[in-house]
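K.L.:
In the working numbering, the protein residues as written are 1 to 573.
#1: Please state if the CB of residue 457 and the CB of residue 559 are separated by a distance shorter than 8 angstroms.
#2: Under a three-way DSSP split, which group does residue 469 fall into?
#3: How do the segment 524-537 and the segment 487-507 stand: do at least 3 beta-carbon pairs fall below 8 angstroms, yes or no?
#4: Residue 67 and residue 130 look like a contact to me (Cβ under 8 angstroms); what is the Cβ gap, rounded to whole Å?
#5: Around the Cβ of residue 413, are there at least 16 other Cβ atoms within 10 angstroms (buried) or fewer (exposed)?
#6: Going by the beta-carbon positions, is the gap between residue 455 and residue 473 smaller than 8 angstroms?
#7: Mind checking who residue 326 pairs with in its DSSP beta bridge?
#8: Can you find the residues in the same chain that come closer than 6 angstroms, C-beta to C-beta, to residue 535, ignoring five residues on each side of it along the sequence?
#9: Within this structure, are the beta carbons of residue 453 and residue 385 separated by less than 8 angstroms?
#10: How about the segment 308-321 and the segment 258-272: do they share at least three Cβ pairs that are nearer than 8 angstroms?
#11: When you compare each of 57, 295, 239 to residue 270 by their alpha carbons, which one comes out closest?
#12: Could you have a look at residue 254 and say whether DSSP puts it in helix, strand or coil?
#13: Determine the extent of the beta strand (DSSP E) in which residue 260 is found, giving its start and end residues.
#14: Just checking, does the segment 344-354 make contact with the segment 439-450 on the three C-beta pairs under 8 angstroms criterion?
#15: Taking a contact to mean a Cβ-Cβ separation below 8 angstroms, would you say residue 517 touches residue 420 in this structure?
#16: Once the 5 residues before and after residue 537 are set aside, which same chain residues still bring their CB inside 8 angstroms of it?
#17: What's the call for residue 103, buried or exposed, on a 16-neighbour Cβ count within 10 Å?
#18: Given this structure, state the Cα-to-Cα distance separating residue 51 from residue 13, to the nearest angstrom.
#19: Mind the definition here: the segment 277-285 touches the segment 312-326 only if three or more C-beta pairs lie below 8 angstroms; say whether that holds.
#20: Would you check if the distance between the CB atom of residue 230 and the CB atom of residue 244 is smaller than 8 angstroms?
#21: Hey, residue 126 and residue 119 are a contact pair by Cβ (cut 8 angstroms); roughly how many whole angstroms apart?
#22: Check this for me: beta carbons of residue 234 and residue 65, under 8 angstroms apart or not?
#23: Whole angstroms are fine: how far does the CA of residue 570 sit from the CA of residue 545?
#24: What does residue 278 pair with, by DSSP beta-bridge criteria?
#25: Taking the beta carbon of residue 338 as the centre, do at least 16 other beta carbons fall within 10 Å, making it buried, or is it exposed?
#26: Given a cut-off of 8 angstroms, decide if residue 357 and residue 373 are closer than it, judged by their beta-carbon atoms.
#27: So, is residue 313 buried or exposed, given that buried needs 16 or more other C-beta atoms within 10 angstroms?
#28: In the DSSP assignment, find the beta strand (DSSP E) that holds residue 398 and state where it starts and stops.
#29: Just to check my reading of the structure: residue 121 and residue 192 have Cβ atoms closer than 8 angstroms, yes? What is that Cβ distance to the nearest angstrom?
#30: Mind checking who residue 356 pairs with in its DSSP beta bridge?
#31: Starting from the C-beta of residue 328, find all residues in its chain whose C-beta is less than 7 angstroms away, skip the five residues before and the five after it, and write them out in chain order.
#32: Suppose contacts are defined by Cβ-Cβ distances below 8 angstroms. Is residue 79 in contact with residue 144 by that definition?
#33: Three-state secondary structure (DSSP) at residue 57?
#34: Give a yes or no on whether the C-beta atoms belonging to residue 189 and residue 248 are separated by under 8 angstroms.
#35: Give me whichever residues DSSP pairs with residue 98 in a beta bridge.
#36: Could you have a look at residue 49 and say whether DSSP puts it in helix, strand or coil?
What follows is the structure, encoded as structure tokens:
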């Protein structure tokens with residue numbers, strides 16, 4: 001409620017019910033209150049503003065009617081549409097339903113996502129009326145006690161057997177969310193899961209974490225690389241939610257003590273979205289993590305990835321080479337696959353045969369031959385690569401080089417007229433060369449086959465609407481890699497926080513460190529040079545390290561210094 005508290009304080013101040021000093025005083029109290037009391041509770045308890053006055057102000061601001069919950073009669077049919085735990089979590093109270101609408105008492109009418117969630121869960125169009133969080137909590141405790149029997153009938157008997165009898169879409173490869181949410185007879189768990197997934201897609205999440213603890217459950221979305229709590233479903237519904245997700249992912253619903261992996265697809269607003277699902281047994285129940293693979297979020301233009309001009313030029317030169325190997329390195333989740341897909345799209349044409357081998361195939365691209373690795377059936381990276389080389393390829397993309405066998409085949413392919421693109425797990429570009437040597441590849445073969453190595457990281461972009469100027473200590477800036485001139489005259493920005501972003505950040509951009517294999521670099525490699533020797537030679541040739549690229553983008557106001565320091569090591573290490 002922190003954002004709503006600030007909005008409410010502003011509305012009350014504009015209406016003359018709070019002075020500017022009182023506004024700051026009470027917002028500070030909300031932040032410092034250990035019991036987590038809202039602004040409304042503090043104002044009413046202190047007698048500073050009456051509850052009715054708060055309702056009247058918000059009602060006038062949003063042009064929604066006010067309601068006195070102490071004098072209203074709540075329909076049990078309306079209560080049956082929303083479980084008590086969700087009503088408390090959302091801060092709403094269903095009052096009555098008529099036709100295709102349901103009247104809902106809300107304290108925060110500015111939270112349009114919650115109102116949308118209510119629409120999905122109930123299959124009714126919400127009609128908000130204004131109350132306060134204090135009045136809504138009291139009313140929920142009062143009216144749901146009376147409706148315990150109806151709620152028990154609706155949610156108390158949920159079991160895995162019930163879920164197995166849900167819509168036949170469970171058997172299909174393509175699950176249509178419209179079909180799943182249609183129909184009043186659908187299980188509330190089905191609606192809750194669909195709502196959770198649809199909301200994640202709307203917010204641009206890359207992953208959904210469904211977690212169980214001793215006394216509660218929670219759902220978190222990973223947005224722009226950071227996890228944000230999105231929903232607190234009732235603990236008694238958690239097992240049913242996990243079972244539903246297992247059914248959708250074609251997992252063994254009875255297996256609760258072993259990790260499982262699965263996948264499913266959904267059609268959302270006319271586009272197909274793939275989900276990779278992982279189940280892992282925990283102390284208080286299985287944890288489910290869903291990776292969202294939405295092709296609409298896939299940047300297929302190298303220019304759109306935000307590379308520095310030098311890095312972009314190096315990368316384009318490398319992928320347009322007649323033959324050789326291009327390696328993209330970095331940790332999991334650093335955007336390596338996106339860069340490789342963008343490179344494939346850059347070089348693809350009707351005259352070339354392009355084949356990929358991936359685990360799994362994250363995005364399906366038209367015009368590309370994509371091979372999914374299946375180790376259980378003997379289709380490993382090495383086995384697939386051998387067969388691919390007998391398929392007359394021009395360009396080959398390998399999802400990851402994990403072992404010596406795959407590395408040897410990739411190097412031989414690069415030396416025999418093929419363009420090979422792949423990924424490797426190293427900290428920076430120079431250490432990639434020595435990593436191949438450590439795997440067992442001859443130094444001469446490495447220097448002859450590798451055309452370009454790039455290291456990549458993702459940093460969050462600052463929200464353009466709310467970023468603020470910051471003034472770090474100049475000596476600290478110099479110690480972190482800024483030049484004295486940059487530390488003295490450069491302007492840096494930090495996150496603010498507004499309704500358009502997540503804690504001051506919106507979207508991500510790539511930092512790329514490129515190392516072209518020039519003749520000088522090749523001599524260092526062949527002569528037995530270490531990763532540090534390769535790095536020093538690359539710096540002499542003008543290589544921009546990850547740290548340096550991050551600093552340049554911080555000076556441009558694209559990201560914050562904290563993001564750069566968190567994601568890169570000094571000197572790009």
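Glycine included, every Cβ here is placed at the ideal spot set by N, Cα and C.
P.N.:
To lay it out plainly:
#1: Counting from 1 along the chain shown, the entry for residue 559 is found at position 559. Counting from 1 along the chain shown, the entry for residue 457 is found at position 457. Against a cut-off of 8 angstroms, the Cβ pair of residue 457 and residue 559 comes out as no contact.
#2: Numbered from its first residue, the chain shown carries residue 469 at position 469. Reduced to three states, the DSSP call for residue 469 is strand.
#3: no
#4: Locating residue 67 in the chain shown gives position 67, counting from the first residue. Locating residue 130 in the chain shown gives position 130, counting from the first residue. Right, their Cβ atoms sit about 7 angstroms apart.
#5: Along the chain shown, one-based indexing puts residue 413 at 413. Buried is the call here.
#6: Along the chain shown, read from residue 1 onward, the residue named residue 455 stands at position 455. Along the chain shown, read from residue 1 onward, the residue named residue 473 stands at position 473. No, the pair does not count as a contact, with Cβ atoms beyond the cut-off.
#7: Along the chain shown, read from residue 1 onward, the residue named residue 326 stands at position 326. Partner(s): 421, 452.
#8: To locate residue 535, count along the chain shown from 1; it is residue 535. 430, listed in sequence order.
#9: On the chain shown, position 453 is the one that residue 453 refers to. On the chain shown, position 385 is the one that residue 385 refers to. In this structure, residue 385 does not lie closer than 8 angstroms to residue 453 by Cβ.
#10: no
#11: The count along the chain shown starts at 1 and reaches residue 270 at position 270. That would be 295, whose Cα lies nearest to the Cα of residue 270.
#12: Translated into the one-based positions of the chain shown, residue 254 becomes position 254. Coil at residue 254, not helix or strand.
#13: As a working mapping, residue 260 is identified with position 260 in the chain shown. 260-268 is the extent of the beta strand (DSSP E) around residue 260.
#14: no
#15: Sequence index remark: in the chain shown, residue 517 carries index 517 (1-based). Sequence index remark: in the chain shown, residue 420 carries index 420 (1-based). Not a contact, by the Cβ cut-off of 8 angstroms.
#16: For the purposes of this step, residue 537 is taken as the residue at position 537 of the chain shown. Counting only Cβ-Cβ distances below 8 angstroms, and skipping sequence neighbours, we find 520, 521, 524, 529.
#17: As a first step, residue 103 is located in the chain shown; it is residue number 103 there, counting from the start. So residue 103 counts as buried.
#18: Residue 51 sits at position 51 when you count from the first residue of the chain shown. Residue 13 sits at position 13 when you count from the first residue of the chain shown. The alpha-carbon atoms of residue 51 and residue 13 are separated by roughly 15 angstroms.
#19: no
#20: Working through the chain shown from its first residue, we reach residue 230 at position 230. Working through the chain shown from its first residue, we reach residue 244 at position 244. No; because the gap between Cβ atoms is not below 8 angstroms, this pair is not in contact.
#21: Your numbering for residue 126 matches position 126 in the chain shown. Your numbering for residue 119 matches position 119 in the chain shown. Indeed they touch by this definition, with Cβ atoms about 6 angstroms apart.
#22: To locate residue 234, count along the chain shown from 1; it is residue 234. To locate residue 65, count along the chain shown from 1; it is residue 65. No, the pair does not count as a contact, with Cβ atoms beyond the cut-off.
#23: By 1-based counting over the chain shown, the position of residue 545 is 545. By 1-based counting over the chain shown, the position of residue 570 is 570. Their Cα atoms are separated by approximately 9 angstroms.
#24: Mapped onto the chain shown, residue 278 falls at position 278. The partner list for residue 278 (beta bridge, DSSP) reads 261, 289.
#25: As a first step, residue 338 is located in the chain shown; it is residue number 338 there, counting from the start. Burial call: buried.
#26: Your numbering for residue 373 matches position 373 in the chain shown. Your numbering for residue 357 matches position 357 in the chain shown. Their beta carbons are under 8 angstroms apart, which means residue 373 touches residue 357 by this criterion.
#27: One-based indexing of the chain shown puts residue 313 at position 313. That one is exposed.
#28: Your numbering for residue 398 matches position 398 in the chain shown. Residues 395-398.
#29: In the chain shown, counting from the first residue as 1, residue 121 sits at position 121. In the chain shown, counting from the first residue as 1, residue 192 sits at position 192. With a Cβ gap of about 6 angstroms, residue 121 and residue 192 count as contacting.
#30: One-based indexing of the chain shown puts residue 356 at position 356. Bridge partners of residue 356: 370, 397.
#31: Stepping through the chain shown from its first residue, residue 328 is reached at position 328. Result list for residue 328: 336, 339, 340, 423, 454, 456, in chain order.
#32: Against the chain shown, residue 79 aligns to sequence position 79. Against the chain shown, residue 144 aligns to sequence position 144. Closer than 8 angstroms, so yes.
#33: On the chain shown, residue 57 is found 57 positions in, with the first residue counted as 1. Correct three-state label for residue 57: helix.
#34: As a first step, residue 189 must be located in the chain shown, where it is residue number 189. As a first step, residue 248 must be located in the chain shown, where it is residue number 248. Not in contact: residue 189 and residue 248 (Cβ atoms no closer than 8 angstroms).
#35: Residue 98 sits at position 98 when you count from the first residue of the chain shown. Paired residues: 101.
#36: By 1-based counting over the chain shown, the position of residue 49 is 49. Coil at residue 49, not helix or strand.
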